[in-house]
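Chains as they are written, first to last, in UniProt numbering: chain A, 1 to 246; chain B, 1 to 246. We put the CB at the ideal spot given by N, CA and C, even for glycine. The structure appears right after this line, and notes come after that.
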DNA sequence: CTCGGCCACTAACATAGGTTAACTTCCAAG
DNA sequence: CTTGGAAGTTAACCTATGTTAGTGGCCGAG
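What follows is the structure in structure tokens.
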């Protein structure tokens, strides 16, 4: 059975294949997905405060977790294909943030009662699902560190480095870049700065030969500079060793 | 059987008693703790990169999760009694941050093999443990929001409000304040600023009648101002309604 | 085609916060 | 009591970043 047999969860498995799963287990995981939807325009998929009875897995595209506060958008996490976006909703029930699509996305929905069943009968899968939410928390911690420590240039560099690495884990990173449908405003929302200042920073990184971000495409010009500027050490992603960012 | 019968996990249960547990389950949880240690001086209990085979629960005092990066300390989380500090170590195995004691602390250790056994046989407890790590992640997200959005005054106000609320959940908050053994340098490390600037901020909040932080004691002078300045909405703590901060 | 709106981009100015360098207060060790 | 170090405090100066106000380009709707 090839991996293509699991269209919804293939990248999830790629991204965190710490324990090898049997085909039976892979099938159970795939079976969590109940229905699939596509959103082509920016769309708020879930709202803060929503009581949820299903969780969402990102199959294709980009989604952000957003906290709105007096008119401002704050991106607290970004997701790449294969990520379980709100698995935490299973246990917390009520969401503490919005989930919004960026660009065109495809999303799978996993009803909580199916997840419940797996938790009760499949310890390996249960552990993998838990593990997945813990990875999220580890990324949150790194973002906290990055926000506490780095200035705007460093934050952007860190964000780019992290996304490149995470996309590489799921075979979606190019040799020297990746496509990223975020506007400068959204980059600013993720780095805790303003779009005006983000524009200055994007320009600076382009001119200093670190990275070029334009027309939805990220082109890494100098890996070493990027890593240094972003103080990026991929250990927190718990992956199988960095690939693109040697 | 009174709650005092569970000296190690009593506050853990207070803090997140979402599902009522039977005394049998409470006993199993209490039985996770293998040995207890006290540290009176500041002490690094666990180091980043450590491979762990036990997790730690905070029984008394304060501990911080810290990421050191070129000489600087970054506090990414603070813990109050009852918190499972590194439950995530159970699944991740390798720590992505240090765990350090602040002031005098008492800590319990729970070997991973005991946790493993509970996960396999006790779905309610398993879910509660998972829930506990998800709460951590929700707090991380709020910190990210706070760092992205608020200036130093607001960050400090938010930190104070959060800690007051969390201490209140475990009956350790006073009527108009709480004791907090953090130095201004450590407050700065948690708010992503410098100790010099933190000093300015502490002074300002004292003079504007918001909160007085001195000699290890926090005295809230005006709840409403504190909440506003820190943009604090306790929903993300998933508690049973705010008490001190109406 | 052309209009309206979003996005990228720029300039001029204001301010929060970083840096360096002091001095003071407190307290514990001797 | 004396000493030394850590914590708190302040001042002067400088830079990163926020704010306000605008420009021009692109693109989809009509």
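Measuring alpha carbon to alpha carbon, tell me which residue in the options is nearest residue i.
i	options	result
residue 34 (chain A)	A:115, A:221, A:146	A:115
residue 51 (chain B)	B:90, B:200, B:130	B:90
residue 9 (chain A)	A:60, A:142, A:225, A:43	A:60
residue 149 (chain B)	B:45, B:20, B:111, B:232	B:232
residue 21 (chain A)	A:199, A:142, A:38, A:129	A:129
residue 185 (chain B)	B:200, B:96, B:141	B:200
residue 183 (chain B)	B:208, B:38, B:101, B:227	B:101
residue 83 (chain B)	B:96, B:108, B:103, B:208	B:108
residue 93 (chain A)	A:136, A:173, A:77, A:111	A:111
residue 174 (chain A)	A:77, A:221, A:207, A:197	A:221
residue 49 (chain B)	B:97, B:27, B:198	B:97
residue 113 (chain B)	B:53, B:144, B:205	B:53
residue 32 (chain B)	B:228, B:57, B:237	B:57
residue 38 (chain A)	A:106, A:198, A:197	A:106
residue 208 (chain B)	B:85, B:226, B:13	B:226
residue 99 (chain A)	A:36, A:47, A:205	A:47
residue 68 (chain A)	B:145, B:69, B:36, B:68	B:145
Leaving out the 5 sequence neighbours to the left and right, which residues in its chain are closer than 6 Å to residue i when beta-carbon positions are compared?
i	result
residue 230 (chain B)	154, 157, 158, 161
residue 166 (chain B)	80
residue 239 (chain B)	169
residue 147 (chain B)	192
residue 104 (chain B)	40, 61
residue 11 (chain A)	81, 82, 170
residue 26 (chain B)	6
From residue i to residue j, what does the alpha carbon distance come to, in whole angstroms?
i	j	result
residue 117 (chain A)	residue 4 (chain B)	35 Å
residue 24 (chain A)	residue 122 (chain A)	11 Å
residue 15 (chain A)	residue 218 (chain B)	44 Å
residue 151 (chain A)	residue 124 (chain B)	44 Å
residue 176 (chain B)	residue 211 (chain B)	10 Å
residue 71 (chain B)	residue 189 (chain B)	12 Å
residue 224 (chain B)	residue 74 (chain B)	29 Å
residue 55 (chain A)	residue 44 (chain A)	15 Å
residue 65 (chain A)	residue 95 (chain A)	10 Å
residue 40 (chain A)	residue 62 (chain A)	11 Å
residue 131 (chain B)	residue 203 (chain A)	43 Å
residue 172 (chain A)	residue 164 (chain B)	44 Å
residue 137 (chain A)	residue 136 (chain B)	8 Å
residue 85 (chain B)	residue 42 (chain A)	38 Å
residue 206 (chain A)	residue 237 (chain A)	26 Å
residue 213 (chain A)	residue 142 (chain B)	28 Å
residue 28 (chain B)	residue 28 (chain A)	30 Å
residue 228 (chain A)	residue 13 (chain A)	30 Å
residue 36 (chain A)	residue 196 (chain A)	37 Å
At which residues does the alpha helix (DSSP H) containing residue i begin and terminate?
i	result
residue 202 (chain A)	195-207
residue 90 (chain B)	88-92
residue 169 (chain B)	152-169
residue 123 (chain A)	123-149
residue 28 (chain A)	23-30
residue 225 (chain B)	223-229
residue 172 (chain B)	Segment: none, residue 172 (chain B) is in no alpha helix (DSSP H) and carries neither H nor E.
residue 187 (chain B)	184-191
Output the boundary residues of the beta strand (DSSP E) element that contains residue i.
i	result
residue 111 (chain A)	98-111
residue 61 (chain B)	54-69
residue 38 (chain A)	35-39
residue 43 (chain A)	Run containing residue 43 (chain A): none; DSSP gives neither H nor E here.
Here's a check: name, in chain order, each residue in its chain whose Cβ is nearer than 7 Å to the Cβ of residue i, leaving out the five neighbours to either side.
i	result
residue 119 (chain A)	126
residue 303 (chain A)	Since the first residue shown for chain A is 1 and the last is 246, residue 303 (chain A) is missing from the structure and cannot be characterised.
residue 134 (chain B)	none
residue 216 (chain B)	179, 180, 181
residue 194 (chain B)	188
residue 88 (chain B)	133
DSSP has residue i in a bridge; who is on the other side?
i	result
residue 217 (chain B)	B:179, B:214
residue 75 (chain B)	B:66
residue 6 (chain B)	Bridge partners of residue 6 (chain B): none, in fact.
residue 51 (chain B)	B:94
residue 84 (chain A)	A:57
For residue i, is the beta carbon positioned less than 7 Å from some heavy atom of the ligand COA?
i	result
residue 61 (chain A)	No copy of the ligand COA appears in this structure; indeed no ligand is present at all.
If I measure Cβ to Cβ from residue i and keep anything under 8 Å in the same chain, skipping five residues before and after, which residues do I get?
i	result
residue 235 (chain A)	none
residue 140 (chain A)	76, 77
residue 198 (chain B)	152, 156, 184, 185, 187, 188, 191
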